[in-house]
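**Q** Position one of the sequence shown corresponds to residue 1 (the UniProt record's numbering), numbered consecutively onward. The structure follows.
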Amino acid sequence: MASPGFLGALKLYAALWWCVLSCKQNLAVVGFKTRIEVELLVKGHSDLGEVAPEVKPSDSQTSVAIADLEWREMEGDDCGFHYGDGTNEAQDNDFPTVERSRLQEMLSLLGLETYQVQKLTLQDSLQISFDSMKNWAPQAPKDLPWHFLRKLQALNAEARNTTMVLDSPPEAWPTEKGGQTEEGMMYWDPAEDVAADIYSFSELPMPDTPVNPLDLLCALLLSSDTFLQQEVLLKMSLCQFALPLVLPDSENHYHTFLLWALRGVVRTWWFQPPRGLGSFLREDSVVLSRVPTFAFVRMDVSSNSKSQLLNAVLSPARRQWDCFWHRDLNLGTNPREIADGLVEISWFFPSGKEDLDVFPEPMAFLNLRGDIGSHWLQFKLLTEVSSAVFILTDNISKKEYKLLYSMRESTTKYYFILSPYRGKRNTNLRFLNRLIPVLKIDHSHVLVKVSSTDGEGFLRRIRAIMCSVARSPCRRMSVEDMAHAARKLGLRVDEDFEECQKAKDRMEKIVRKIKDVDAYKRDELRLQGDPARKAAQAEREFCQLQWASEPPEKHRAELRRRALELRVQQNGQEPTSGVQEFILGVSSPSPSERQYFLRWMEWGLARLGQPRPRQPPETLLTLRPKLGGPSDLNEPLWPEPLGVEHFLREMGQFYEAESCLVEAGRLPAGQRRFAHFPGLAVDLLLGGLPLELVDGATLSIPVRWVTGLLKELHVRLDRRSRLVVLSALGVPGTGKSTLLNTMFGLKFATGRSCSARGAFMQLLPVAEGFSQDLGCDQILVIDSGGLISGALASAGDRFELEASLATLLMGLSNVTVVSLAETKDIPPAVLHAFLRLEKMGHMPNYQFVYQNLHDLPVPSPKPRDRRQLLDPPSDLSRAATHLEKQGGGFRTLAGLTERQHVWHIPALWHGAPPMAAVSLGYSEAIFELKRCLLENIRNGLSNQNKNIQQLIDLVRRL
1 MASPGFLGAL KLYAALWWCV LSCKQNLAVV GFKTRIEVEL LVKGHSDLGE VAPEVKPSDS
61 QTSVAIADLE WREMEGDDCG FHYGDGTNEA QDNDFPTVER SRLQEMLSLL GLETYQVQKL
121 TLQDSLQISF DSMKNWAPQA PKDLPWHFLR KLQALNAEAR NTTMVLDSPP EAWPTEKGGQ
181 TEEGMMYWDP AEDVAADIYS FSELPMPDTP VNPLDLLCAL LLSSDTFLQQ EVLLKMSLCQ
241 FALPLVLPDS ENHYHTFLLW ALRGVVRTWW FQPPRGLGSF LREDSVVLSR VPTFAFVRMD
301 VSSNSKSQLL NAVLSPARRQ WDCFWHRDLN LGTNPREIAD GLVEISWFFP SGKEDLDVFP
361 EPMAFLNLRG DIGSHWLQFK LLTEVSSAVF ILTDNISKKE YKLLYSMRES TTKYYFILSP
421 YRGKRNTNLR FLNRLIPVLK IDHSHVLVKV SSTDGEGFLR RIRAIMCSVA RSPCRRMSVE
481 DMAHAARKLG LRVDEDFEEC QKAKDRMEKI VRKIKDVDAY KRDELRLQGD PARKAAQAER
541 EFCQLQWASE PPEKHRAELR RRALELRVQQ NGQEPTSGVQ EFILGVSSPS PSERQYFLRW
601 MEWGLARLGQ PRPRQPPETL LTLRPKLGGP SDLNEPLWPE PLGVEHFLRE MGQFYEAESC
661 LVEAGRLPAG QRRFAHFPGL AVDLLLGGLP LELVDGATLS IPVRWVTGLL KELHVRLDRR
721 SRLVVLSALG VPGTGKSTLL NTMFGLKFAT GRSCSARGAF MQLLPVAEGF SQDLGCDQIL
781 VIDSGGLISG ALASAGDRFE LEASLATLLM GLSNVTVVSL AETKDIPPAV LHAFLRLEKM
841 GHMPNYQFVY QNLHDLPVPS PKPRDRRQLL DPPSDLSRAA THLEKQGGGF RTLAGLTERQ
901 HVWHIPALWH GAPPMAAVSL GYSEAIFELK RCLLENIRNG LSNQNKNIQQ LIDLVRRL
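Printed below as a string of structure tokens:
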């Protein structure tokens, strides 16, 4: 047993270290490694990992204070175990500041202390600034949160790397011996200061940061609002990182179950129903999917890494996926300061490929960071939500036996993973035998990992156990079910507050009445039916007559009369109850409540199209019309779902009809009822919601509605209304929306939720300090959706419509990104728009992006010369039927790719989804494209930037 004098010396040693490190950056940064050294010495660890005799009750409080354990002092021979709530209940008065301010120290170190009252928002993270144009490395701890957010926004697999490149010459860095940096070396020259004392120590700059990546994640989430938390977790899921489920906050004595933050994560997997009914792709939210769940925890010490074991279990043969951060990754061994008690979750989803699927069905995996005795509340939760719990430990003594004895009423299956070379073999066996009847286990529930040489065999055994548990009657819980268990245990659930729940109730009032989507569109969204289509057609014909040399006045008058009658008919309608409820939702005076309502609406409407069987992607690609063959925009790959855009479209139609009547003198301006609708929509646009620019139902621009939106936006932005417009065009399914979302962190719909029609716009703010340099205050990004088909349609209305829409979007733009599929064809409508705009003297900056983007591996094409993008024997000859009347057209097209940039973007996925992560090559290529676009805007290569009034004039003219 350690003597009091020895313990006092250790405390003094730790205090000296704390004083030394507090000099660095004027921060009270505790000596991370010192505390761990003290912990190991007090607990009796030697360099060989041997464990000394158990600390007696008389010394327990001292060891608790120094090692930051949360064990209750256990006295007597009874088996009752009193557990804490996961907070620091026992504190030594010698170190009060260290224990109470650890979180504050970390927040101060990372520069996040200012975001504890006014939280960091999603819009803060989306601002375009100087840093958006450079691939910079963090040079100070305060850079780490922003570096992480930018890398995560770009879906960069290296986002968790917190290595810093300090702004000091390499010769000033500490030397290395045997590959190990001398991290403990201090330099002190008393001659420089006669009064120098221990506070004069200064630590040399190190090329690495002492911040553990999990500490960085916890600090950032604690400093973010719930919408940024949701975006962070969504991006992490795309990178195949394990996601936080329970966020610890011992400073404020509560932990948070992240239900709301996980609601945005949706996954697609290969589903095999029972009784051999065939297999199909299924898409659902991870929050709602009930699957077998397996928890991995550590008791006391374990020589085996939980995270490494979990990664190996999830990884197929000859591939290693690092879902869970572990000790052998870069900086993975740095001591955790605030992340102990963090519970992470990850999932396995089958792909339908036998060589890749390690399990036949979806499964969830939980990982508790830290020791179960120190975080008993989290461990209790895991035992109540898991199908089985795997406990990794080297020692099972009286203390651990008492701990597990308190779980004697638990119905969860327990498995132990031991190492034969650590701990006390006889003691372990004695207490294991006593635990067998308590936990209702047998000897098959005790696994011994003999050595790393038998790793594959050990993994096969672990997987076989999990499959066996999943096949038997076992507990299957969704994340929503887990949240109910968390509430019962006293954990805070992040969506259990008034604004969120009020928004949810309003959503349910709307969704509850929707029994059939098609019938609801017909009966409740009445203005989007035949009257809207006929009015749009009449107005389109009227606009075309304006360009005619001698428009027949009688025909123009007839079109005007017909359009007005249709608008009168629309204006005679009243908003239905569902539309009125939606208007109330977006009219809330609370910006947060509006955002909650929109998110709830998105998820509630998505659930209406219940996961239905659909064909595998190979079949969809086979059935997709080839470029150059007939195609119809009325035939999407799957039915268009009901979305928030339909309700906003209905509001737009009410405003459009009313404005038409006011213009015609049929309605006094003072009797308008819907004049405030553009203001409501602009609030949503400024909050990050994409708004519809081109009506997906009529394939036309509702000019009055869009003009009203832009005028209101001009008022809101006041003097910061200089715009650059960036548009993305191309065939549906070529990755336009994914590209824009990855490049700028936007929220354009992708995949199954993507509408087959319509073009959407979203606003990106430019930081005030950068706007003068960039030459604009806002960037308006337009995603063309599915407006442009890949077909060479017959020279009729369809082609003219596509060409007109392409001309409109490109005419509004300063920069246009043309997204191409596996073939080299540029959509004919886009080619036609090039020539129209050149005749008008408007040629935006073009970037041609060739993408290989599918949810399955496809062979990459051979590299091609950039100038061969337009091959005269194919593209130009086929386009000639539509462009033969355009003088100089061939010269324009032949020289197009010589003047502009052409990009080859690697495949999105590294491997086969759904378990594949985004490839590093894709992320890096997207960043280079983004940098090029911003450089072109900055250097004035994107034509003259616009203000909002000029944009309004362009909309009317085009």
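C-beta atoms are modelled at their ideal positions from N, C-alpha and C, and glycine is treated no differently. Quick caveat, the model's predicted, so the values are computed rather than measured.
Can you give, in chain order, each stretch of the beta strand (DSSP E) that sits fully within the region 373-398 and has at least 3 residues?
**A** 388-392
**Q** Mind listing, in chain order, the continuous beta strand (DSSP E) runs of no fewer than 3 residues lying wholly within the region 901-931?
**A** 901-905
**Q** Please confirm whether any heavy atom of the ligand SAM lies closer than 6 Å to the CB of methionine 507.
**A** For the ligand SAM, the structure offers nothing, since it holds no ligand at all.
**Q** For residue 1002 versus leucine 258, is the C-beta spacing smaller than 7 Å?
**A** Residue 1002 lies beyond the range of the chain shown here (1 to 958); nothing can be said about it.
**Q** What's the call for histidine 253, buried or exposed, on a 16-neighbour Cβ count within 10 Å?
**A** Histidine 253 should be labelled exposed.
**Q** Leaving out five residues before and five after leucine 710 in sequence, what residues of the same chain have Cβ atoms less than 7 Å from its Cβ?
**A** Ile948, Leu951 and Ile952
**Q** Quick check on glutamate 400: buried or exposed, where buried means 16 or more other Cβ atoms within 10 Å of its Cβ?
**A** buried
**Q** From which residue to which residue does the beta strand (DSSP E) around tyrosine 846 run?
**A** 845-851
**Q** Taking the alpha-carbon positions, what's the glutamate 541 to arginine 567 distance?
**A** 16 Å
**Q** Got a sec, what are the start and stop residues for the alpha helix (DSSP H) proline 213 sits in?
**A** Its alpha helix (DSSP H) spans residues 213-222.
**Q** Buried or exposed: which applies to threonine 162, given that a residue is buried once 16 or more other Cβ atoms fall within 10 Å of its Cβ?
**A** buried
**Q** Does DSSP put methionine 761 in a helix, a strand or coil?
**A** strand
**Q** How is alanine 675 classed by DSSP in three states: helix, strand or coil?
**A** The answer is coil: DSSP assigns alanine 675 none of H, G, I, E or B.
**Q** Could you have a look at lysine 946 and say whether DSSP puts it in helix, strand or coil?
**A** Annotated three-state conformation of lysine 946 is strand, per DSSP.
**Q** Nearest by alpha-carbon distance to methionine 236: which of Ala916, Arg956, Arg931 and Gly940 is it?
**A** Ala916
**Q** Return the first residue and the last residue of the alpha helix (DSSP H) that leucine 709 is part of.
**A** 703-717
**Q** Measure the Cβ-Cβ separation of proline 360 and cysteine 474 and say whether it is below 7 Å.
**A** no
**Q** Between Phe241, His910 and Asp530, which has its C-alpha nearest serine 923's C-alpha?
**A** His910
**Q** Got a sec, what are the start and stop residues for the alpha helix (DSSP H) arginine 560 sits in?
**A** 553-571
**Q** Give me, in chain order, the residues of the same chain whose beta-carbon lies closer than 7 Å to that of aspartate 837; leave out the 5 immediate sequence neighbours on both sides.
**A** According to the sequence provided, residue 837 is leucine. The question's aspartate does not apply to it. Around leucine 837: Thr807, Met810, Gly811 and Met843.
**Q** Using only CA atoms, which one of Gln847, Asn156 and Pro248 lies nearest to leucine 491?
**A** Pro248
**Q** Are there 16 or more other CB atoms within 10 angstroms of the CB of aspartate 516, so buried, or fewer, so exposed?
**A** Aspartate 516 comes out exposed.
**Q** So, under 8 Å CB-CB, valine 286 and leucine 310 are touching, yes? Tell me the CB distance rounded to an integer number of Å.
**A** At roughly 17 Å, the Cβ-Cβ gap does not stay under 8 Å, so valine 286 and leucine 310 are not in contact.
**Q** Would you mind sorting valine 817 into buried or exposed? The rule is 16 or more other CB atoms within 10 Å of its CB.
**A** buried
**Q** Cα separation between proline 702 and threonine 742?
**A** 29 Å
**Q** Of the choices Gln127, Gln123 and Ala157, whose alpha-carbon is the least far from that of aspartate 225?
**A** Gln123
**Q** Leaving aside the five residues before and after leucine 667 along the sequence, list all residues of the same chain whose C-beta is less than 6 Å from its C-beta, in chain order.
**A** Same-chain partners within the cutoff: Leu661.
**Q** Which term fits threonine 738, buried or exposed, when burial requires 16 or more other beta carbons within 10 angstroms of its beta carbon?
**A** So threonine 738 ends up on the buried side.
**Q** Between the region 385-398 and the region 409-425, do three or more beta carbon pairs fall short of 8 Å?
**A** yes
**Q** Is it buried or exposed, threonine 114, if we count other Cβ atoms within 10 angstroms and call 16 or more buried?
**A** exposed
**Q** Output yes if chain D places a C-beta closer than 7 Å to the C-beta of methionine 236; else output no.
**A** Structure shown: chain D not included; a single protein chain is present.
**Q** Tell me the residue span of the beta strand (DSSP E) that contains glycine 730.
**A** In the DSSP annotation of this structure, the continuous segment of the beta strand (DSSP E) that includes glycine 730 starts and ends at 722-730.
**Q** Would you decide whether proline 437 is buried or exposed? Buried here means 16 or more other CB atoms lie within 10 Å of its CB.
**A** exposed
**Q** Tell me which same chain residues have a C-beta within less than 8 Å of the C-beta of valine 766, skipping the five on either side of it?
**A** If the five residues before and after valine 766 are omitted, its C-beta is found closer than 8 Å to the C-beta atoms of Gln127, Ile128, Ser129, Leu774, Cys776, Asp777, Gln778 and Ile779, all from its own chain and listed in chain order.
**Q** Can you give me the C-alpha to C-alpha distance between leucine 723 and glycine 572, rounded to a whole angstrom?
**A** 37 Å
**Q** Is the CB-CB distance between arginine 512 and glycine 585 below 7 Å?
**A** no
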